[in-house]
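Enquirer: Mind looking over this structure? Questions follow.
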Amino acid sequence: MIQNAILVFIFGAIVGSFLNVCIARIPKGASLVSPPSHCPNCKDPIRFYDNIPLVSYIFLLGRCRSCGEGISPRYFVVELLMASLAAALNYEFGLSLAFFVGFVFVAGLIVISFIDLDVRIVPDVISLPGIVAGLLFSVVARYVINDPFELIPSPLNALIGVLVGGGFLLALAWGYEAFTGVEGMGGGDIKLLAMIGAFLGWTSIPFTLFFASLTGSVIGLGFMIGKGVGRRFGLPFAPFLCLGALLYLFFGNELIQFYLPER
Ligand SMILES: [Zn+2]
C-alpha cells in the first residue's frame, strides 16, 4: 500500500537523522542524547524547524542558518539511505517481524559503514550487541512468532553464521599476518562479519566476503592507479561487507539458487 510506503519512508528518514547523531558521536564516546543537535562549526543549537530530516537540508541548501558554513552531505545521504531502505524492506516484507529485523540490521550497517568511512573504526558498541540481537531474533522468529518470510535464519543457522563469519576471517587474518608480517583485516571487520552471520545465517558469509573482496580490490586498485598511493593505505573494508550483506538481504534466495542450484 502506498500510504504505508510513505509512512515507512518518513519513519526511516527520522531514524536516519538519529543515525547521523550516532555516526558523529559514537567515535568520540559522546552521549547520544545531550547536548541537542548543534552546528559542528559554530556550535549553535539547530532549531527544531531546521531539523526536519531531508527537507531542512534541501531548504537550507546544506548550510548552517547561523554561520553559513556548509554541512556535510553525509547527513542528507544517511537520511535518504535509511528512508529508501526502509521503504524497500516494507515492499519486500510488509509490516512483519522480518521487516523489523531487517530495519534494525540495516540501521546497524549504515552506522558501521559511515563510521568506518569517517574514522576507519568498526565500532564494537554496534557489532557486538548486533551479534546478540541477530541470535535473539532468530530464536524469536523460530519459537515465538512464526515468521512467514525466509529472511531470518534458524537459531542454529545464525549460530553457525557467527562462528563461520568470525572464525573464518580470524583464521584468514592470522594467516595473512603470519605470511606477510603485516596486520591484515582488522578485528572490527571480523566482528562485523560475525554480526552479518547472526542476522542472515552462515550461507550469507561466502557471498558477502566474495562480493566485498572483489569490489574492494577493484576500487582499491582504482585508487592506487588514480592517486598513485602505496599498496596499503587502509581502504575501509566494512562498507563493502555491508553492501554485500545488503544485496544478500534483498536477493539472498536468488543468490543461493545461483550458487547452490540443487537446493
Ligand atoms: Zn553554524
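Going by the working numbering, the first residue of the sequence shown is number 1436, and it counts up by one from there. Just so it is clear, CB atoms sit at the ideal spot from N, CA and C, and this is done for glycine as well. Given the structure is predicted, the values throughout are model-derived calculations rather than measurements.
#1: Ligand 1 heavy atoms versus the CB of GLU1689: any closer than 7 Å?
#2: If you draw a straight line from the C-alpha of LEU1518 to the C-alpha of LYS1662, how long is it?
#3: For ARG1698, count neighbouring C-beta atoms within 10 Å of its own C-beta (all shown protein chains included) and say buried if the count is 16 or more, exposed if not.
#4: Which same chain residues, not among the five before or five after ALA1533, have their C-beta less than 7 Å away from its C-beta?
#5: Closest to LEU1681 by CA distance: which of LEU1670, LEU1628, LEU1591, ILE1441 is it?
#6: What number of angstroms, rounded off, separates the C-alpha of PHE1658 from the C-alpha of VAL1554?
#7: Along the chain, where does the alpha helix (DSSP H) containing TRP1609 start, and where does it finish?
#8: Please say whether VAL1456 and ASN1525 have beta carbons closer to each other than 8 Å?
#9: Take ALA1448 as the anchor and find which of TYR1510, ASN1688, ARG1500, GLY1601 has the nearest alpha-carbon.
#10: So who's on the other strand from GLY1505, going by DSSP bridges?
#11: Under the rule that 16 or more other beta-carbon atoms within 10 Å means buried, what is ASP1479, buried or exposed?
#12: Tell me whether ASP1485 counts as near ligand 3, meaning its Cβ is closer than 7 Å to at least one heavy atom of that ligand.
Expert: Checking against the coordinates, here is how it stands:
#1: no
#2: Checking the sequence, you will find Ala at residue 1518 rather than Leu. Taking the straight line joining both Cα atoms gives about 34 Å.
#3: Its pLDDT being 49, under 50, ARG1698 is placed unreliably in this model, and the coordinates cannot settle the point.
#4: ASP1582, PHE1584, LEU1586, ILE1587
#5: LEU1628
#6: 18 Å
#7: 1590 to 1615
#8: no
#9: TYR1510
#10: ARG1498
#11: exposed
#12: The ligand content of the structure shown is limited to ligand 1, which means ligand 3 is not among them.
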